[in-house]
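Just below is one structure, and these are the notes that go with it.
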Amino acid sequence: MNAMEHVTTPPWAMLAYLISGVLFILALRGLSSPSTSRAGNRYGMIGMTIAVLTTLVTHFPITGISYEGPSTAIEHGFQAVPDFGAFGLILAAIALGGGIGWVTARKIAMTDMPQLVAAFHSLVGLAAVLVGWAAYLNPQAFGIVEVVNDVTTALAQTGPEGTALPMQIHPQSLIEMSLGIAIGAITFSGSVIAFLKLAGKMSGAPIMLPARHAINIVLLLAIAFFIFGFFMSQSMVDIALITALSFIIGFLLIIPIGGADMPVVVSMLNSYSGWAAAAMGFTLHNTAMIITGALVGSSGAILSYIMCKAMNRSFVSVIAGGFGAAAESGGGAAKEQRPWKRGSAEDAAFLLKEAENVIIIPGYGMAVAQAQHVLREMADTLKKEGVNVKYAIHPVAGRMPGHMNVLLAEANVPYDEVFELEDINGEFAQADVAFIIGANDVVNPAAKTDKSSPIYGMPVFDVDKAKTVMFIKRSMSGVGYSGVDNDVFYMDQTMMLLADAKKMVEEIVKSLQH
Amino acid sequence: MDFISILSIFVMACFVGYYVVWSVTPALHTPLMAVTNAISSVIVVGALIAAAASGIGAGAGVSKWLGLGAVVLASINIFGGFAVTARMLAMYKKKERQTPAASAKREERA
């Protein structure tokens with residue numbers, strides 16, 4: 061493929077990109093344990109620095125286009141004069157973006173992490189769209205122009221005055237470029253919707269359009285058709301349509317998906333942002349981008365898989381959306397009144413103090429109430445009393461993978477007191493108290509017993525085996541996200557603590573200290 | 063580089079990604095998303111090329127500004143992504159090891 065070699069990347073630069081790709085692998089590798097993770101993050105930063113510096117050096121802006129006639133190849137026609145103005149502009153762009161990013165990262169509350177991640181995904185998507193368009197408009201800079209050896213053809217292409225006519229882009233690059241733009245645009249608009257839903261700026265409830273599956277399929281086919289058209293014609297109309305339709309489909313794909321399915325959506329968009337970067341890497345023949353794209357793409361895909369499995373739902377059913385919408389209409393239907401027991405903070409404090417083993421199960425409600433700090437305080441008080449406290453985390457608790465872990469870490473809960481579902485589920489039989497705060501569906505035994513339940517087959521905590529269950533909930537009226545009634549409310553050993561999670565735990569702490 | 067070499071790198075990297083990501087502990091899945099976010103902004107390489115390019119024709123001028131815009135977006139992500147990951151990872155702490163003296167004291171009291 062000689063066509064690619066007329067704007068060559070020097071060998072040292074290729075090596076540098078490879079090194080940054082390897083450093084990115086090490087960055088993810090470090091996350092296998094909290095103790096190595098900080099070093100991993102530094103590897104990632106070093107890798108990024110190498111990639112950026114390499115590009116800045118090999119692509120220093122030049123100016124002074126003295127065109128010496130069409131007889132020499134185009135790149136020899138330039139007299140390279142460094143353009144410090146343009147370089148300054150680039151540095152300013154980095155400083156501006158870097159400043160915004162850094163300040164945001166410092167200021168953001170840990171509970172807002174899901175929407176921050178969604179917002180960041182949207183930026184990667186939009187950047188991919190912009191880079192794709194830039195490559196389309198100035199293919200020469202990206203080294204993706206077909207080299208025409210025949211001088212007369214070259215002349216014909218550059219036009220009689222040596223200017224203007226669009227250059228022919230390598231056909232393979234056209235495909236890569238249009239895929240990058242399409243995936244980037246889907247990532248962008250999808251992430252914007254995910255962000256709005258997670259930030260509460262838009263209702264988390266699924267929005268169902270009639271015939272939405274048909275619309276989506278038609279749109280996808282249309283995008284595929286225009287990619288083919290773009291491949292044949294290199295026309296701006298085609299690439300504009302690809303961009304516009306991809307923006308629309310990204311939007312349509314995410315609006316029917318409800319709030320608690322967001323862990324899957326956020327992971328999926330994470331994956332898309334990776335594939336978009338990889339597609340651009342193919343266009344640019346850049347190893348760092350390809351390696352990173354593959355890493356991020358598979359990372360997001362694996363996370364989506366883990367989340368789906370933790371809900372016992374297929375990826376297709378999550379993406380098809382609508383889960384939790386039907387429940388709203390069915391939830392109000394004739395519900396039998398069953399007896400349940402209400403406890404007070406004093407009762408709870410008494411039982412907790414007497415307990416030997418307590419397992420705390422946090423859920424999204426804890427994040428909403430910002431109760432993680434006072435919860436840790438309660439655990440500390442209990443530990444001083446000699447109570448053994450552990451935390452149990454369901455993979456889909458919260459709005460993104462690992463959401464609860466971060467919140468507990470923020471509240472200074474040591475990570476070796478926090479356990480995953482399969483590691484702790486056997487311990488409920490020995491637990492004196494299962495303390496449920498802001499979780500619901502993940503402790504619902506219907507998932508184990510009721511085949512007609514929408515959450516049937518989802519792995520849940522065996523809280524019914526604990527001697528006492530304390531269930532913090534705002535009121536008895538609301539049901540979990542799935543809209544299913546929870547038998548745990550009505551068990552003999554269950555004590556319902558009806559209040560705001562944070563207030564209730566504060567009161568328990570107060571009673572414990574007296 | 064020809065297409066097959068690039069494709070080989072891509073396929074191999076997918077496998078590496080698969081194994082590396084499965085080894086990530088679930089407790090760190092949120093930092094994983096934040097850091098993958100940061101590194102996928104390596105797309106800044108393409109943005110820098112576009113922003114630095116000089117060229118002839120009207121397209122080149124637009125391309126340059128698109129590149130600069132992409133540099134801003136990717137930089138937000140790079141700095142924001144790594145900073146927020148670092149902030150999260152700094153919070154993950156192990157249980158404080160009790161000094162032998164302290165635990166002996168505790169036993170005495172008990």
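Taken in order, these protein sequences are the chains called A and B.
With this note's numbering applied, the first sequence covers 61 to 574.
With this note's numbering applied, the second sequence covers 63 to 172.
Think of the CB as a built atom: it goes at the ideal place given N, C-alpha and C, for glycine as much as any other residue.
Own chain partners of Ile111 of chain B with C-beta closer than 8 Å, once the 5 adjacent residues on each side are dropped: Gly129
DSSP bridge partner residues for Met556 of chain A (one or two, in chain order): A:Arg402, A:Phe531
Distance, Cα to Cα, Thr92 of chain B vs Gly462 of chain A? 5 Å
Taking 8 Å as the CB-CB limit, is Ala216 of chain A close to chain B? Confidence at Ala216 of chain A is low in this model, with a pLDDT of 49, below 50, so the placement of that residue should be treated as unreliable; the coordinate-derived value is given next. Taking Cβ atoms only, chain B never reaches closer than 8 Å to Ala216 of chain A, which makes this a no.
The alpha helix (DSSP H) spanning Pro71 of chain A covers which residue range? 71–89
Measuring only between beta-carbons, confirm whether Asn198 of chain A sits less than 8 Å from chain B. yes
Sorted by chain position, which residues of the same chain lie with C-beta nearer than 7 Å to Asn139 of chain B's C-beta, five sequence neighbours on each side aside? Asn99, Ala100, Ser103
Would you say Ala242 of chain A lies against chain B (beta-carbon separation less than 8 Å)? no
Rounded to whole angstroms, what is the Cα-Cα separation between Gln430 of chain A and Arg436 of chain A? 12 Å
Of the residues that make up the segment 455–469 of chain A, which ones have a beta carbon closer than 7 Å to any beta carbon in chain B? Pro455, Met460, Pro461, Gly462, His463, Asn465, Val466, Ala469
Classify Thr509 of chain A as helix, strand or coil using the three-state DSSP reduction. helix
Helix, strand or coil, according to DSSP, for Ile229 of chain A in the structure here? strand
Note down the Cα distance separating Glu470 of chain A from Ser359 of chain A, rounded to an integer number of angstroms. 24 Å
Whole-number beta carbon distance between Glu477 of chain A and Lys157 of chain B, since they are thought to touch under 8 Å: 7 Å
Under a CB-based cut-off of 8 Å, is Gln232 of chain A close to chain B? yes
Go ahead and label Lys443 of chain A buried or exposed: buried means 16 or more other beta carbons lie within 10 angstroms of its beta carbon, across all protein chains shown. exposed
Can you give me the C-alpha to C-alpha distance between Asn276 of chain A and Val378 of chain A, rounded to a whole angstrom? 15 Å
Between which residues of its own chain and Met464 of chain A is the CB-CB distance below 7 Å, once the five residues before and five after are set aside? Pro422, Ile453, Ala457, Gly458
Output, in chain order, the set of chain B residues within a Cβ distance shorter than 8 Å of Arg166 of chain A. Ala145, Arg149
When we look at the beta-carbon of Gly148 of chain A and count the other beta-carbons within 10 Å, is it buried (16 or more) or exposed? exposed
Segments of 4+ residues assigned as alpha helix (DSSP H) that fall wholly inside the segment 296–343 of chain A: 296–314
Using a C-beta cutoff of 8 Å, does Lys167 of chain B count as contacting chain A? Bear in mind that the predicted position of Lys167 of chain B carries a pLDDT of just 44, short of 50, making it too unreliable to give a figure here.
Three-state class that DSSP yields for Ile568 of chain A in the structure shown: helix
What are the start and end residues of the beta strand (DSSP E) that includes Ala471 of chain A? Counting along the chain, Ala471 of chain A falls outside any beta strand (DSSP E), and DSSP gives it neither H nor E.
Which two residues bound the contiguous beta strand (DSSP E) that contains Ala452 of chain A? 448–453
Compare the Cα-Cα distances from Asp492 of chain A to each of A:Ser535, A:Gln397, A:Val447 and report the closest residue. A:Val447
Using the beta-carbon of each residue, which ones in chain B are nearer than 8 Å to Trp162 of chain A? Phe141, Gly142, Ala145
Can you pull the chain B neighbours of Leu363 of chain A, defined as C-beta to C-beta under 8 Å? Val83, His91, Leu94, Met95
Span of the alpha helix (DSSP H), counted from its first residue to its last, around Asn99 of chain B: 91–102
Residues of chain B with CB under 8 Å from Asn504 of chain A, in chain order? Simply none; closest approach about 21 Å.
For His433 of chain A, return the contacting residues in chain B, with the cut-off set at a CB-CB distance below 9 Å. Under the 9 Å cutoff, chain B gives no residues; its nearest Cβ is about 12 Å from His433 of chain A.
For Gln228 of chain A, is the beta carbon positioned less than 7 Å from some heavy atom of the ligand FMN? For the ligand FMN, the structure offers nothing, since it holds no ligand at all.
Quick one: residues in its chain with C-beta nearer than 6 Å to the C-beta of Ile497 of chain A, no 5 flanking neighbours on either side, listed in chain order? Pro422, Met426, Ile532, Ala561
Indicate whether Phe141 of chain B and Gly107 of chain A have their beta-carbon atoms separated by less than 8 Å. no
Got a sec, what are the start and stop residues for the alpha helix (DSSP H) Val117 of chain A sits in? 94–118
Nearest to Tyr77 of chain A by CA position, among A:Met460, A:Ala348, A:Ser331, is which residue? A:Ala348
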